[in-house]
Amino acid sequence: MKNTILLHILLITVLKTHASNLDVVNQWNFLQFDPPYGFSATDFRPENSVFTGLEIAGDRIFISIPRLRAGIPATLSTIPRRTPKGSSPKPQPYPDWSYHGAGLNLDNVTVCSGLVSVYRTRLDSCGRLWVLDSGIMTSIDDFQRICTPKLVVFDLKTDQPVRTVEFPREILRPASLLANLIIDESVQGTCDSAFLYLADTAAPGIIVYDALRDRTWRVTHPSMFPDPNFATYTINGESFTLPDGVVGLAHSTKLATLFFQPLATDRIFSIPTATLTKGPPAEFEDIPVSLAGRKSSQGLGLTLNPQDDTLFFSPLTETSMASWNPLTNQQSLVAYDPDLIQFASELRWIEGELWFLSTRFQKFFKRTVSPNEINLRIVRVLGAAPGYQNLNNNLYFKK
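Going letter by letter, the sequence shown gives residues 1 to 399 in the UniProt record's numbering.
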């Protein structure tokens, strides 16, 4: 018992030193928009706007704001990359307002030509933004499937769509919710021949898209499903329940491995990308999924440093950023702050730096969010390159 107490005192001392390496790039109490006159989404409810996706291209930051509840005027927006530290710029709809009236218009006619609900986007090596549109409205409240889920690819030089991919019905399920994606250009060598790995969170599985052959298939394994024993989350003393399946994805080119995690689990799993890219699995085929390790609590976002294959994750209860290297088994505490790190919906390794989105999602979910507090942040970790403090005490990760 004495050793346990001493260990926790030591951990708290270590954690306090990691609160100062966080750079708050932008922050908001609520996101605010300026819809044009006559725009159909007039029922704007800022208390429902919470971002889940982050991408950076040139001088723009792209943020994805899914329509989890009603009152979201734009589901994909940009803000300038260079703004005063900690400022609250108004998101600008991408590519323009005309893409954000998807769903039911005033005449009760379904419009699917724009974007319905975007959870995440990814940039390829050719300067194109792949936008994953789930097609689902109000997914938290009543889960309305408005349109077929699709990928829309924008050329960032012109901000015009150059490709649209609608997913065939046979690889979808009634509850399908496509919420994350990875672009893998390593298998066939070019951006035009990339494979995409898509997380189906509510009908758990990984959907594979072969961009060269325009083919799609589905890979399913029990590890992709939520664990009911881990479907309740506690952040800063506030708990909520959400039994979500696979959502966190990270790709190692060197290891030819996709790491993934459901939200409702304390585990991280891995699967060889060769298994995903070889084509549709045969009936009753054994899928070679491995347990990478167990975390101290659940988490959503995953990302990987391609230089040394260090995997980053954010245990929700510990309000921290941690890392594990699958090659060396080194485990490190990267950052800790109960205010700045809460529900980290997205982790990204961008230009040699760890970025993440921090939201008080637990308060948005339970409708206890306050307009008088900062609830949304874009944060950059200073000095999150190899050499972070090595804990190796198994408090955050057990292989």
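Glycine residues also receive a C-beta, built at the ideal position from the N, C-alpha and C atoms. Computed from a prediction, not measured in an experiment: that's the story for all the values here.
With DSSP collapsed to three states, give me the class of E47. Within the sequence shown, the letter at position 47 stands for residue 47. If DSSP states are grouped into helix, strand and coil, E47 belongs with the helices.
Answer with buried or exposed for P326, where buried requires no fewer than 16 other C-beta atoms within 10 angstroms of its C-beta. In the sequence shown, counting from the first residue as 1, residue 326 sits at position 326. Classification for P326: buried.
Over what stretch of residues does the beta strand (DSSP E) that includes K295 continue unbroken? The residue labelled residue 295 in the question sits at position 295 within the sequence shown. Where K295 is concerned, the enclosing beta strand (DSSP E) starts and stops at S290 to K295.
Could you check whether D200 and T277 sit closer than 9 Å to each other, using their CB atoms as the reference points? The residue labelled residue 277 in the question sits at position 277 within the sequence shown. The residue labelled residue 200 in the question sits at position 200 within the sequence shown. Against a cut-off of 9 Å, the Cβ pair of D200 and T277 comes out as no contact.
Does the count of Cβ pairs from the segment 144 to 152 and the segment 214 to 229 closer than 8 Å reach three? no
Measure the CB-CB distance between A194 and P226 and report whether it falls below 9 Å. Indexing the sequence shown from 1 puts residue 194 at position 194. Indexing the sequence shown from 1 puts residue 226 at position 226. Not in contact: A194 and P226 (Cβ atoms no closer than 9 Å).
Pick from D286, F365, R377 and I268: whose alpha carbon is nearest that of S323? Working through the sequence shown from its first residue, we reach residue 323 at position 323. Ranking D286, F365, R377 and I268 by Cα distance to S323 puts I268 first.
The beta strand (DSSP E) that contains A179, what's its start and end? Start at 1 with the first residue of the sequence shown, and residue 179 comes out as number 179. Run containing A179: L178 to D184, per the beta strand (DSSP E) assignment.
Which same chain residues end up closer than 6 Å to A202 when comparing Cβ atoms and leaving out the 5 residues on each side of it in sequence? Against the sequence shown, residue 202 aligns to sequence position 202. So the list reads A175 and L177, once near-sequence residues are dropped.
Exposed or buried, what is I235 when buried is set at 16 or more other beta-carbons lying within 10 Å of its beta-carbon? Here the question's residue 235 lines up with position 235 in the sequence shown. Buried, by the Cβ-count rule.
Quick one: grab the DSSP three-state call for G383. Locating residue 383 in the sequence shown gives position 383, counting from the first residue. Coil at G383, not helix or strand.
Short check: CB of V381 to CB of V334, under 9 Å? Here the question's residue 381 lines up with position 381 in the sequence shown. Here the question's residue 334 lines up with position 334 in the sequence shown. Yes, the pair counts as a contact, with Cβ atoms nearer than the cut-off.
Taking residue 410 as the reference, give the member of I65, D34, Y37 and G58 with the closest Cα. Outside the shown range of the chain (1 to 399) lies residue 410, about which nothing can therefore be said.
With 16 other CB atoms within 10 Å as the buried threshold, where does G383 fall? Numbered from its first residue, the sequence shown carries residue 383 at position 383. Classification of G383: exposed, given that the 10 Å Cβ count is below 16.
Per DSSP, I79 forms a beta bridge with which residues? Numbered from its first residue, the sequence shown carries residue 79 at position 79. Paired residue(s): I61.
In terms of DSSP beta bridges, what is N305 paired with? By 1-based counting over the sequence shown, the position of residue 305 is 305. Bridge partners of N305: T310.
Considering Cα atoms alone, identify which of G279, G248 and S290 is closest to F356. Mapped onto the sequence shown, residue 356 falls at position 356. The option with the nearest alpha carbon to F356 is G248.
For R120, list the residues DSSP reports as bridge partners. Residue 120 sits at position 120 when you count from the first residue of the sequence shown. Partner(s): L132.
What three-state label does DSSP hand W251 in the structure shown? Position 251 of the sequence shown holds residue 251. According to the sequence as given, residue 251 is His; it is not Trp. DSSP, reduced to helix, strand and coil, places H251 within a strand of the structure shown.
Please list, in chain order, all residues of the same chain as N3 whose beta carbon is under 6 Å from its beta carbon, the five residues on each side excluded. The sequence position of residue 3 within the sequence shown is 3, counting from 1. Because N3 carries a pLDDT of 32, less than 50, the predicted location of this residue cannot be relied on, and no value is offered for it.
Over what stretch of residues does the alpha helix (DSSP H) that includes L276 continue unbroken? Position 276 of the sequence shown, counting from 1, holds the residue named residue 276. T273 to T277 is the extent of the alpha helix (DSSP H) around L276.
Between the alpha carbons of L115 and D43, how many angstroms are there, rounded? In the sequence shown, residue 115 corresponds to position 115, counting from 1. In the sequence shown, residue 43 corresponds to position 43, counting from 1. For L115 and D43, the distance between alpha carbons rounds to 17 Å.
Indicate the three-state DSSP secondary structure (helix, strand or coil) for Y37 in the structure shown. As a position in the sequence shown, residue 37 is number 37, starting the count at 1. Coil, per DSSP.
Leaving out five residues before and five after G387 in sequence, what residues of the same chain have Cβ atoms less than 8 Å from its Cβ? Position 387 of the sequence shown, counting from 1, holds the residue named residue 387. With a pLDDT of 46 at G387, under the threshold of 50, the modelled position of this residue cannot be trusted, and the question is left open.
Verify whether the separation of the beta carbon atoms of residue 401 and L300 is less than 9 Å. As shown, the chain starts at 1 and ends at 399. That puts residue 401 outside it, with no answer to give.
Buried or exposed: which applies to E285, given that a residue is buried once 16 or more other Cβ atoms fall within 10 Å of its Cβ? By one-based count along the sequence shown, residue 285 stands at place 285. It is exposed - the Cβ of E285 has fewer than 16 other Cβ atoms within 10 Å.
Please work out which residues of its chain come closer than 6 Å, Cβ to Cβ, to R348, disregarding the five sequence neighbours upstream and downstream, and give them in chain order. Position 348 of the sequence shown, counted from the first residue, corresponds to residue 348. Closer than 6 Å at the Cβ level, and outside the excluded window around R348, lie L54, T303 and W355.
Run the CB neighbour count on L10, radius 10 Å, all protein chains shown included, and call it buried at 16 or more, exposed below. Stepping through the sequence shown from its first residue, residue 10 is reached at position 10. Note that L10 scores 33 on pLDDT, short of 50, meaning its location in the model is unreliable; the coordinates nonetheless yield the value given after this. Label assigned to L10: exposed.
Work out the CA separation of F364 and L76 for me, nearest whole Å. Within the sequence shown, residue 76 is the residue found at index 76, counting from 1. Within the sequence shown, residue 364 is the residue found at index 364, counting from 1. Cα to Cα, the separation comes out at about 19 Å.
Nearest CA to the CA of S244: which residue from G205, L212, S252 and G279? Residue 244 sits at position 244 when you count from the first residue of the sequence shown. In the sequence as presented, Ser is not what sits at residue 244; that position holds Asp. With distances taken between Cα atoms, D244 lies closest to G205.
Quick check on the burial criterion: 16 or more other C-beta atoms within 10 angstroms. Buried or exposed for E283? Indexing the sequence shown from 1 puts residue 283 at position 283. By the neighbour-count rule (16 or more Cβ atoms within 10 Å), E283 is not buried but exposed.
P161 - DSSP class collapsed to helix/strand/coil: The count along the sequence shown starts at 1 and reaches residue 161 at position 161. Here P161 sits in strand by DSSP.
Would you tell me roughly how many angstroms separate the C-alpha atoms of K157 and G127, rounded to the nearest one? As a first step, residue 157 is located in the sequence shown; it is residue number 157 there, counting from the start. As a first step, residue 127 is located in the sequence shown; it is residue number 127 there, counting from the start. Taking the straight line from one Cα to the other gives about 8 Å.
Contact defined as beta carbons within less than 8 Å: I believe P288 pairs with P262. What is the distance between those atoms, to the nearest angstrom? For the purposes of this step, residue 288 is identified with residue 288 of the sequence shown, where counting begins at 1. For the purposes of this step, residue 262 is identified with residue 262 of the sequence shown, where counting begins at 1. Taking 8 Å as the upper bound for CB-CB distance, P288 and P262 are not in contact here, some 18 Å apart.
Using C-beta distances below 6 Å, list every residue in its chain close to T241, excluding the 5 sequence neighbours before and after it, in chain order. Here residue 241 is taken as the residue at index 241 of the sequence shown, counted from 1. Excluding positions up to five away in sequence, the list reads A231 and T232.
Tell me whether Y37 is buried or exposed, calling it buried when 16 or more other Cβ atoms sit within 10 Å of its Cβ. As a first step, residue 37 must be located in the sequence shown, where it is residue number 37. Classification of Y37: exposed, given that the 10 Å Cβ count is below 16.
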